[in-house]
Structure formats: C-alpha cells, structure tokens
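J.: When we follow our numbering, the leftmost residue of the sequence shown carries the number 104, and every step to the right adds one.
We treat Cβ as the ideally placed atom computed from N, Cα and C, and that holds for glycine.
This one's a predicted model, so the numbers in the text were calculated from it and none came from an experiment.
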Amino acid sequence: MLHPSYTDLMKVVNKDVEEGETKIVNSRYSIVLATSKRARQIIDGELPMVNIKSEAKPLSLAIQELNEGKLKIIAESAAAEEAEQASEDILAEEALPEEMVSEEAVTAE
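This is the structure:
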C-alpha cells in the first residue's frame with residue numbers, strides 16, 4: 104500500500120473546502136495529474152518545497168509536497184481565469200505605450 108494513500112491526499116487537498124462547496128479534488132486521477140505536473144516541474148529544475156533526500160525521485164517529492172500542504176491544487180476553471188486575467192493585463196500594458204506614442208505624435212504636429 105502506498106503511503107500516503109490517495110484518500111489521505113484527497114483529504115489534505117480538500118481540507119479547506121466548506122461543506123456544500125465543490126471539492127477541489129474528487130478523484131484519484133486528479134491527484135495523479137497534479138503530482139505528475141509538479142514532478143515535471145522539479146525535473147525541469149524547480150526546487151522542491153520539502154526537505155529532500157538525495158535519492159528521492161521527483162514524483163515522491165511532489166507527493167510529499169502535496170501531503171504536507173505545500174503544494175496547492177487549483178481548479179481548472181480558476182487556473183483558466185487567472186491565465187485570462189494575466190493575458191488581459193499584458194495586453195493592457197502593451198496597449199498603453201502605443202496610446203502614449205500616438206498622443207505624442209498628435210501634439211508634435
């Protein structure tokens with residue numbers, strides 16, 4: 104048996120969810136997906152958020168991070184909203200200098 108179990112990990116992730124609210128994670132698949140994404144980040148060079156043993160595998164580190172509450176899983180809809188807001192902010196910042204340039208060109212004429 105794996106320790107922590109999928110059930111234990113789901114309890115850790117959903118501990119802050121109020122009764123009646125939709126759970127963040129309600130399947131083993133969600134746990135597997137989240138920990139595998141985090142393991143890929145660790146493989147790509149991100150530092151682990153837990154004390155590491157030199158022989159610890161990236162997936163084991165990701166599971167340990169999740170179990171200790173150091174890794175947060177956000178719902179796909181919330182992640183999509185955050186990404187959309189970030190791209191809107193970038194577009195707004197890019198549009199601002201163009202407006203300033205066109206205003207300067209008008210005043211110079």
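Suppose the cutoff is 7 Å on Cβ atoms and the five residues either side in sequence are ignored; what does the same chain contact list for I127 look like?
T.: On the sequence shown, position 24 is the one that residue 127 refers to. Answer for I127: V116, N117, V120, I176, A178, listed in chain order.
J.: To the nearest angstrom, how far is the alpha carbon of M152 from that of M113?
T.: Translated into positions along the sequence shown, residue 152 becomes position 49. Translated into positions along the sequence shown, residue 113 becomes position 10. If I take the Cα positions, the gap works out to 19 Å.
J.: Quick one: which unbroken alpha helix (DSSP H) runs of 4-plus residues sit fully inside the stretch 119-207? Chain order, please.
T.: Segments of the alpha helix (DSSP H) lying fully in the stretch 119-207: 131-146, 161-170.
J.: Taking A165 and T138 to be in contact with their CB atoms under 8 Å, please state how far apart those CB atoms are, rounded to whole angstroms.
T.: Indexing the sequence shown from 1 puts residue 165 at position 62. Indexing the sequence shown from 1 puts residue 138 at position 35. Their Cβ separation, rounded to whole angstroms, is 4 Å, which keeps A165 and T138 in contact under 8 Å.
J.: To the nearest angstrom, how far is it from the Cα of A142 to the Cα of P161?
T.: By one-based count along the sequence shown, residue 142 stands at place 39. By one-based count along the sequence shown, residue 161 stands at place 58. Distance between the alpha carbons of A142 and P161: 5 Å.
J.: Between E197 and Y109, what straight-line distance do the alpha-carbon atoms span, to the nearest angstrom?
T.: On the sequence shown, position 94 is the one that residue 197 refers to. On the sequence shown, position 6 is the one that residue 109 refers to. Using only the alpha carbons, I get a separation of about 44 Å.
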